[in-house]
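There are 2 protein chains.
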Amino acid sequence: MTKIYNDPAEFKNEVIDGFALAYPDYVARVPGASGFIRSGGPRAGKVSLVIGGGSGHYPSYSGVTGVGFADGAVLGDVFTSPSAEQTYRVARAAHGGAGLILAFGNYAGDRLNFAAAADRLRAEGIDVRIVYVTDDIASAPAPEVDERRGIAGTFTVYKIGGAAAERGDDLDTVERIMRAANARTFSFGVAFAGCTFPGQSSPLFAVAERTMDFGLGIHGEPGVRSDTWMPAAKIANALVEPLLAERPEGAHRAAVLLNGLGATKYEELFLLWNNVRPLLAAAGVEPVMPEVGELVTSLDMAGCSLSITWLDDELEELWQAPAHTPAFRRGSVRTATFQRYVASDETALAGTAEQATPESERAAAVVREALRAMTAVVAEHEDELGRIDAVAGDGDHGSGMVRGLRAAQSAAEAARGGVQTVLVAAAGAFGDRAGGTSGVLWSLFLRTIGESLGNAEPVDPARLARAVGRGAAAIKDLGGAELGDKTMLDALFPFVDALDTYLAAGSALDRSWAAAARSAVEAAAATADLVPKVGRARPLAERSIGSPDAGATSMGLILTAVGDALARHCG
Amino acid sequence: MTKIYNDPAEFKNEVIDGFALAYPDYVARVPGASGFIRSGGPRAGKVSLVIGGGSGHYPSYSGVTGVGFADGAVLGDVFTSPSAEQTYRVARAAHGGAGLILAFGNYAGDRLNFAAAADRLRAEGIDVRIVYVTDDIASAPAPEVDERRGIAGTFTVYKIGGAAAERGDDLDTVERIMRAANARTFSFGVAFAGCTFPGQSSPLFAVAERTMDFGLGIHGEPGVRSDTWMPAAKIANALVEPLLAERPEGAHRAAVLLNGLGATKYEELFLLWNNVRPLLAAAGVEPVMPEVGELVTSLDMAGCSLSITWLDDELEELWQAPAHTPAFRRGSVRTATFQRYVASDETALAGTAEQATPESERAAAVVREALRAMTAVVAEHEDELGRIDAVAGDGDHGSGMVRGLRAAQSAAEAARGGVQTVLVAAAGAFGDRAGGTSGVLWSLFLRTIGESLGNAEPVDPARLARAVGRGAAAIKDLGGAELGDKTMLDALFPFVDALDTYLAAGSALDRSWAAAARSAVEAAAATADLVPKVGRARPLAERSIGSPDAGATSMGLILTAVGDALARHCG
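Below, the structure written as structure tokens:
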């Protein structure tokens with residue numbers, strides 16, 4: 003939905019005004035017209051490329067006005083062809099004396115308005131050529147290519163034409179090249195949700211829940227067929243297959259665009275590319291400077307399209323040429339002169355550890371058992387930990403800890419050796435998978451305990467208590483938190499102190515640990531009264547008063563579970 | 003919502019794989035790590051800038067890895083800090099021997115993980131500096147700047163730091179410059195709707211209908227205060243005012259970003275810029291190479307943020323320096339050497355017309371009356387025409403015709419002169435406001451009739467019929483449609499034929515016109531049986547069978563209304 007506007011009826015005009023104010027270094031508004039030319043005005047003796055269409059497709063068309071691309075862009079109302087009058091004015095202002103190309107996507111309204119403008123310009127003695135783009139394979143079968151709509155393939159055709167004009171090609175040549183580029187450009191798209199007009203509250207068309215439309219238009223035209231939702235791998239196939247069916251004989255290098263329509267995330271586009279690219283490779287297609295992003299949008303439509311322009315040597319050079327526009331810039335800086343990066347020897351990253359003694363190997367079995375108990379207890383409380391974390395954080399503490407502990411447990415099961423080897427392996431896996439604050443601190447905690455215990459000496463209660471204390475100190479050093487800052491340390495420090503006290507009083511390890519764990523759980527509950535001081539936005543920190551700290555809570559749960567495991571082992 | 007994925011648990015990994023496949027000319031994946039370095043590997047003797055954070059913010063951080071920007075980027079899970087292990091691996095691969103800057107937004111998880119990675123790198127003898135960005139003014143008051151989160155201002159700080167490293171500054175200098183840039187960077191944002199995690203169906207947080215949250219985080223953290231929806235002009239004020247409150251003394255040139263969070267349309271950003279820019283100008287702030295677009299997103303969150311980096315000479319040079327990365331490129335092509343475009347003389351665009359006779363001026367009054375009747379009848383049927391058009395088109399026929407006719411009517415009322423002058427004025431206004439196919443064809447129709455009638459001779463029935471016939475022929479010539487192609491001509495041609503017939507049989511103009519209009523209405527209804535052949539996607543065209551053509555329908559309505567006006571005038 004459109005949220006930012008003043009008067010919906012003035013939406014297009016305010017957008018155009020704002021664009022002019024944003025990029026005066028690139029474009030100049032044509033007086034009295036809804037359109038732009040390059041800020042420097044027309045270059046005498048150069049063919050001028052004027053593109054246009056309805057508003058709502060940014061960066062098409064104003065966003066690609068500049069050196070190496072379009073000379074002028076004319077914009078109609080949202081999804082509506084610009085008028086002949088507007089087109090005439092922009093084209094006249096863009097004309098540098100060497101003729102004009104008027105280019106647009108193949109829609110009835112655009113064809114008529116641009117043709118009417120061309121008539122007026124020709125009446126003034128200007129040589130004008132019309133090129134309309136017909137890349138949408140969904141809109142008509144191949145033998146009726148002239149009936150096909152123009153969608154995201156317009157980007158490539160205009161880019162190539164703009165580059166030809168920029169290097170000084172004459173009008174006949176630019177026209178010929180653009181027609182050749184269009185004839186070799188094919189697009190196919192998919193939509194998940196329709197777009198909404200400024201000032202309206204419901205979309206132009208709806209896509210039913212868990213379905214998707216193939217062959218959408220970029221003006222809110224619904225797709226030509228619906229299908230049930232499918233995973234990215236199948237979407238990739240559905241897009242690639244019909245495009246390859248129209249591949250010209252012998253073509254193997256291609257400019258490829260994976261174009262987002264507005265509301266589809268960049269991350270989704272890259273994920274889809276990960277499924278598209280191997281299909282192209284399997285078919286012997288080599289993408290040349292592909293672009294994955296938003297090039298021709300359709301307001302806030304959710305969906306994307308795949309465009310392929312089959313290159314020959316002439317088109318490839320023009321596709322690769324530099325451009326300098328508000329929304330698309332391609333420099334002449336090339337990285338090909340650098341050597342490609344070669345991976346360093348992975349083994350250098352592995353740590354070293356002393357040979358494990360049989361005692362340490364037996365202790366490692368207890369570590370594995372403890373990790374199983376830790377994983378089980380946190381998984382059981384995952385949702386609760388998430389809810390506690392969501393009060394002032396992002397609510398992922400439970401899921402992060404479960405992810406980390408599962409990875410740690412797997413790594414510990416797989417690792418062969420003593421306590422240090424097993425704990426360091428678990429620590430690495432934990433940090434890698436859990437992420438976030440908990441990931442790094444718990445990883446450090448486990449690693450420090452492991453390195454403190456080593457692989458050689460037996461694990462006695464005093465050495466274990468000292469190792470846990472060192473782990474706590476390492477967390478404090480790295481994290482910078484103090485007791486009372488509402489972190490996991492508010493449970494861990496009381497535990498360490500209590501464990502020392504009980505052991506010094508002569509209690510057995512399992513009983514001492516269990517008693518100390520109870521102290522930790524109480525201390526964790528008491529963090530509800532505290533205000534966090536480290537690393538949280540102030541208003542959110544204040545919001546957390548009355549709720550315990552998620553990290554302290556999981557620490558209490560884990561220490562208790564480890565105590566139970568020790569009791570089972572010792573008992 | 004996230005629509006494109008295979009297994010939600012593998013979302014991040016597939017995104018990273020896809021990014022590597024999309025931009026191998028720019029970046030190389032670091033083996034065994036969720037991160038990238040430049041494709042050429044580290045440049046020996048150059049300071050390396052490594053940036054990172056959670057996934058879900060593209061183009062941050064991988065998208066700005068390249069010449070003039072970052073040397074490496076490390077990515078965690080969605081909205082989760084990368085692990086120390088991952089960070090260590092990427093930074094080690096990016097290091098060119100002259101030291102490392104590790105830079106990230108100020109979040110507890112990132113601070114810990116990057117610090118732990120720095121410890122390991124330093125243990126290997128690498129000089130490492132940490133720079134975290136604190137631009138979000140909503141997250142803590144000014145005296146506690148170190149508690150502030152990093153949001154879109156990270157972009158500017160990294161860009162400036164990357165440019166300093168690129169030109170060969172040493173580690174001390176790059177660190178100093180980045181700290182200076184951070185100290186002069188301030189951001190404030192607004193959200194309209196929360197974002198949704200891959201694999202989940204509801205957003206991380208919800209913004210109530212017709213409300214907006216100020217001071218949002220970019221990780222799904224809710225805003226620090228809510229407000230009711232306000233127009234763009236007020237949003238602009240709400241964003242600019244608190245940023246100006248922290249303006250350093252004497253600062254007036256600034257790098258300004260208006261950053262979209264994902265689902266907000268580019269058009270909305272430009273509209274907002276149209277409201278922001280004058281506020282900055284009024285405060286004496288000059289934006290230098292501002293960027294309006296998506297630079298630091300938050301999955302599909304709807305909203306935006308405004309960032310200001312107050313420049314001094316050193317920072318300005320670095321902000322303007324070239325960059326060459328997958329998502330952000332800034333060339334050294336400058337347009338300043340061109341003369342700024344100067345508007346051509348507007349008067350040259352006006353047409354010429356002969357002096358009007360008193361007869362023609364009287365006839366012009368009838369034209370004005372006819373235009374009023376046309377406007378009234380189409381306004382009355384606007385919704386119906388929209389519904390008919392929506393069957394196979396974009397449903398805007400009614401609204402476009404009403405917009406055009408209202409403009410035509412105003413222009414006709416304002417124009418002084420004969421029939422030609424009034425009709426040509428109406429034609430221009432119609433084409434300008436109606437847009438689309440109808441806009442250009444109706445504009446041509448009215449203009450042709452006017453030019454055929456002229457300003458001098460009296461308007462007799464035969465001349466009027468001939469003028470209307472010429473108008474119809476002009477539509478056919480420009481539009482390329484034939485009778486039976488399901489267009490307005492299917493009503494207009496029968497009208498022209500019938501009018502000739504009735505006039506030739508000796509009927510009065512008003513009676514002849516009314517009878518011919520009835521033929522037009524019948525013919526329009528009969529278009530329901532036709533299949534359109536011109537300018538429509540084949541599957542959509544087929545969908546239109548059984549529904550009349552909207553253009554023919556409005557033509558029938560208009561001809562009837564004009565007949566009524568003539569009857570009133572003649573009677």
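Protein chains in written order, with our numbering: chain A, 3 to 573; chain B, 3 to 573. Backbone N, C-alpha and C define an ideal beta-carbon position, used for all residues, glycine too. None of the values given here were measured: they were computed from a predicted structure.
query                                                                                                                                                                   : result
Hey, which unbroken runs of the alpha helix (DSSP H) at 4 residues or more fall wholly within the stretch 349-412 of chain A?                                           : 360-382 and 384-392
Any beta carbon from chain A within less than 9 Å of Gln576 (chain B)'s own beta carbon?                                                                                : In the structure as shown, chain B begins at 3 and stops at 573. Residue 576 (chain B) is therefore absent and cannot be evaluated.
Taking the straight line between their C-alpha atoms, what separation do you get for Glu288 (chain B) and Ala165 (chain B)?                                             : 22 Å
Can you pull the chain A neighbours of Arg16 (chain B), defined as C-beta to C-beta under 7 Å?                                                                          : Looking at the sequence itself, residue 16 (chain B) is Glu, so the reference to Arg does not match. Correct list: Leu273 and Asn276.
Taking three-plus beta-carbon pairs below 8 Å as touching, is the stretch 295-315 of chain B in contact with the stretch 253-260 of chain B?                            : yes
Buried or exposed: which applies to Ala506 (chain A), given that a residue is buried once 16 or more other Cβ atoms fall within 10 Å of its Cβ?                         : exposed
Helix, strand or coil for Trp321 (chain B), going by three-state DSSP, please let me know.                                                                              : helix
Could you check whether the Cβ of Met403 (chain B) sits closer than 9 Å to any Cβ belonging to chain A?                                                                 : no
If you check the beta carbons only, do Ala414 (chain B) and Arg364 (chain B) fall under 9 Å apart?                                                                      : no
Would you give the residue range spanned by the alpha helix (DSSP H) that Val52 (chain B) belongs to?                                                                   : Not the alpha helix (DSSP H): Val52 (chain B) falls in the beta strand (DSSP E), residues Ser50 to Ser57.
Apart from the five residues on each side of it in sequence, which residues of its chain come closer than 6 Å, Cβ to Cβ, to Ala96 (chain B)?                            : Ile39, Pro44, Ser50, Val52, Asp73 and Gly74
Starting from Phe13 (chain A) and walking both ways along the alpha helix (DSSP H), at which residues does that stretch end?                                            : Phe13 to Ala24
Among B:Leu455, B:Asp396, B:Val92 and B:Thr198, which residue has its Cα nearest to the Cα of Phe116 (chain B)?                                                         : B:Val92
Would you report the Cα separation of Val226 (chain A) and Leu561 (chain A), rounded to the nearest angstrom?                                                           : 59 Å
Residues of chain B with CB under 8 Å from Gly152 (chain A), in chain order?                                                                                            : What Gly152 (chain A) touches in chain B: nothing, since even the nearest Cβ is about 11 Å away.
How big is the Cα-Cα spacing for Leu274 (chain B) and Leu407 (chain A)?                                                                                                 : 46 Å
Buried or exposed for Ser401 (chain B), please, with buried defined as at least 16 other CB atoms from any protein chain shown within 10 angstroms of its CB.           : buried
Mind the definition here: the stretch 317-331 of chain A touches the stretch 52-68 of chain A only if three or more C-beta pairs lie below 8 Å; say whether that holds. : yes
Is it right to say Arg418 (chain A) is buried, meaning 16 or more other beta carbons lie within 10 angstroms of its own, or is it exposed?                              : exposed
Quick one: give me the first and last residue of the beta strand (DSSP E) that Ser445 (chain A) is part of.                                                             : Ser445 (chain A) -> not in any beta strand (DSSP E); alpha helix (DSSP H) instead, spanning Gly438 to Leu455.
Who pairs with Gly575 (chain B) in a beta bridge, going by DSSP?                                                                                                        : No answer is possible for residue 575 (chain B): it lies beyond the span of chain B, which begins at 3 and ends at 573.
In chain B, what lies closer than 8 Å to Tyr60 (chain A) by C-beta?                                                                                                     : Lys267, Tyr268, Glu269 and Phe272
Of all the residues that make up the stretch 319-333 of chain A, which are near chain B by a beta-carbon distance shorter than 9 Å?                                     : Pro324, Ala325, His326, Pro328, Ala329, Phe330, Arg331, Arg332 and Gly333
Report, in whole angstroms, the separation of the C-beta atoms of Phe188 (chain A) and Leu114 (chain A), which I expect to be a contact under 8 Å.                      : At roughly 25 Å, the Cβ-Cβ gap does not stay under 8 Å, so Phe188 (chain A) and Leu114 (chain A) are not in contact.
Ends of the beta strand (DSSP E) at Gly74 (chain A)?                                                                                                                    : Gly74 to Val80
Listed in chain order, which residues of the stretch 463-494 of chain B have Cβ atoms closer than 7 Å to some Cβ of chain A?                                            : Leu480 and Gly481
Report the residues of the stretch 237-252 of chain B with a CB closer than 7 Å to any CB of chain A, ordered along the chain.                                          : Ile237
Who are the neighbours of Asp499 (chain A) on chain B, taking C-beta pairs under 9 Å?                                                                                   : Simply none; closest approach about 24 Å.
What does Asp302 (chain B) pair with, by DSSP beta-bridge criteria?                                                                                                     : B:Ser300
Any C-beta of chain B within less than 9 Å: which residues of the stretch 437-459 of chain A qualify?                                                                   : Gly437, Gly438, Thr439, Ser440, Gly441, Val442, Leu443, Ser445 and Leu446
Chain A partners of His221 (chain B), CB-CB under 8 Å?                                                                                                                  : Asp396
Where does Phe106 (chain A) fall in DSSP's three states?                                                                                                                : strand
Pull up the distance between the alpha-carbon of Thr339 (chain B) and that of Leu425 (chain B), whole angstroms please.                                                 : Below a pLDDT of 50, predicted positions are generally treated as unreliable, and Thr339 (chain B), at 37, falls in that range; the measurement from the model is reported next regardless. Near 45 Å, if we compare the C-alpha coordinates of Leu425 (chain B) and Thr339 (chain B).
Within 9 Å of any Cβ in chain B, is that where the Cβ of Gly127 (chain A) sits?                                                                                         : no
What do you get for Cys306 (chain A), buried or exposed, if any count of 16 or more other CB atoms within 10 angstroms of its CB means buried?                          : buried
Quick one: grab the DSSP three-state call for His254 (chain A).                                                                                                         : coil
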